[in-house]
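Peer 1: Position one of the sequence shown corresponds to residue 8 (my numbering), numbered consecutively onward.
Each residue gets a CB set at the ideal place from its N, CA and C atoms; glycine is no exception.
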Amino acid sequence: MDYIPIDKENLPEMFDIDLADETFKLKFAYNETGDFFTVDLFRPTGEEEDEEMIIGEKMVLNKPLWSDITDLSLPAPQLVPMDLSGIETRLTWDNFEKTVFLYINDQADDEDDPL
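(1) Where does Glu118 land, buried or exposed, given buried means 16+ other C-beta within 10 angstroms?
(2) Measuring alpha carbon to alpha carbon, tell me which residue in Ile76, Val67, Thr77 is nearest Tyr110.
(3) Relative to the C-alpha of Pro123, which residue among Phe44, Asp90, Ala36, Met60 is closest?
(4) Which term fits Leu26, buried or exposed, when burial requires 16 or more other beta carbons within 10 angstroms of its beta carbon?
(5) Per DSSP, which residues does Ile76 bridge with? Please list them.
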């Protein structure tokens with residue numbers, strides 16, 4: 008399973024990412040008071056301003072991003088912050104990008120792949 012590397016030392020960080028043959032922009036930020044990370048999702052428009060799709064989604068351990076939103080324009084693969092060892096109980100500054108990573112779960116896409 009692939010993961011999205013995030014440089015938490017340089018937050019906020021924004022970059023393009025290809026998910027299911029579409030390009031999106033992800034912007035990551037950290038809330039020091041609450042000790043949590045957030046993600047903003049944009050669709051590039053080719054204009055100066057990108058289309059805001061989701062702003063301020065809190066990253067929660069083992070919960071797919073945008074899982075409580077039904078919108079067909081959201082990326083098809085799930086993005087899930089996970090600790091594959093199963094040790095961590097929440098996502099924090101100390102464990103993010105050490106034991107907890109943001110994984111791309113595109114297993115459903117693979118099942119539909121005729122190859």
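Peer 2: Looking at the atomic coordinates:
(1) At Glu118, the pLDDT of 41 sits below 50, so the modelled position is not reliable and the matter cannot be decided from this model.
(2) When only C-alpha atoms are compared, the closest one is Val67.
(3) The first residue shown for the chain is 8 and the last is 122, placing residue 123 beyond what the model contains.
(4) buried
(5) Ile76 is not bridged to any residue.
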